[in-house]
Amino acid sequence: MGFTTIPATALKENVFDQIKLGMPLLTAESGGRCNTMTVNWGEMGYLWNRCVTTIFVRPQRFTLPILEAAEGYSLCFMGKGYAEQVAYCGRISGRDEDKIARCGFTVAHKHGVPYFEEAELVVLCKKSFEAQMTAEGFLDRDIIPACYPNGDFHKLFIGEILEVLQKV
């Protein structure tokens with residue numbers, strides 16, 4: 772099975788439903804190291820006259836320095852048949868093992884961005900912006916103790932959507 776390219780504006784899948792069914796896998800590569808992790812805090816929208824995604828990564832995640840050094844990233848929606856592998860990628864750190872190989876995922880590249888051939892839907896992104904969240908930026912102060920009791924604020928990345936691949 773292959774993929775067909777669809778415009779980002781033609782996405783029919785409800786992103787909220789997709790995240791509930793199975794978190795997407797954020798995948799990036801730099802320095803010869805490819806890693807993936809689950810993400811469920813994110814956004815898709817339109818910014819700077821471009822279709823974009825926004826993703827959030829905590830500082831302790833092994834993927835963070837890889838993502839910081841990479842030019843882009845992918846969001847792979849794997850489908851129901853991969854629930855166990857997706858959960859594994861959310862539990863295990865790439866610091867400890869090659870979880871991509873362990874899950875049996877096949878890494879492909881487009882626009883220099885890694886993604887998984889097993890995915891049902893792939894969003895390929897080029898990084899456009901990154902910023903570190905800080906306590907001072909929160910207007911709703913209740914979020915900090917609820918979501919950041921250890922002060923491990925996310926770093927956010929905005930990526931221009933280069934291409935959306937849908938399994939045919």
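In this note's numbering, the protein residues as written are 772 to 939. The beta-carbon is built from N, C-alpha and C at its ideal position, and this holds for glycine as well.
Check, Outcome
"Whole-angstrom C-beta distance between Thr-809 and Tyr-1001, which should lie under 8 Å", "The requested residue 1001 does not occur in the structure, where the chain is confined to residues 772 to 939."
"Test item: CB-CB of Lys-898 and Phe-928 under 7 Å", "yes"
"N-terminal and C-terminal residue of the alpha helix (DSSP H) that Val-857 is part of", "854–862"
"Touching by the beta-carbon criterion (3+ pairs, under 8 Å), the segment 830–840 and the segment 869–880", "no"
"Beta-carbon gap between Glu-934 and Leu-895 smaller than 7 Å", "yes"
"DSSP beta-bridge partners of Tyr-817", "Cys-822"
"Terminal residues of the beta strand (DSSP E) in which Glu-839 lies", "No beta strand (DSSP E) contains Glu-839, which is instead part of the alpha helix (DSSP H) from 834–840."
"Own chain partners of Tyr-728 with C-beta closer than 6 Å, once the 5 adjacent residues on each side are dropped", "The structure shown has nothing for residue 728, since the chain only spans 772 to 939."
"Short Cβ contact (7 Å threshold) for Leu-796 with Thr-807", "yes"
"Candidates Gly-922, Cys-822, Ile-863 and Glu-907: closest to Ile-777 by CA position", "Cys-822"
"Reduced DSSP category for Phe-787 - H, G, I as helix; E, B as strand; rest coil", "helix"
"Rounded straight-line distance, which links the Cα of Cys-874 to that of Pro-916", "35 Å"
"Collapsed DSSP secondary structure at Arg-804 in the structure displayed", "strand"
"Glu-889 versus Asp-788: straight-line alpha-carbon distance, rounded", "19 Å"
"Glu-964 versus Gly-773 - alpha carbon distance", "Summary: the structure shown does not reach residue 964, with the chain confined to residues 772 through 939, and so no result is reported for it."
"Where the alpha helix (DSSP H) containing Pro-916 begins and where it ends", "914–918"
"Cβ pair Ile-826, Ser-801 closer than 7 Å", "no"
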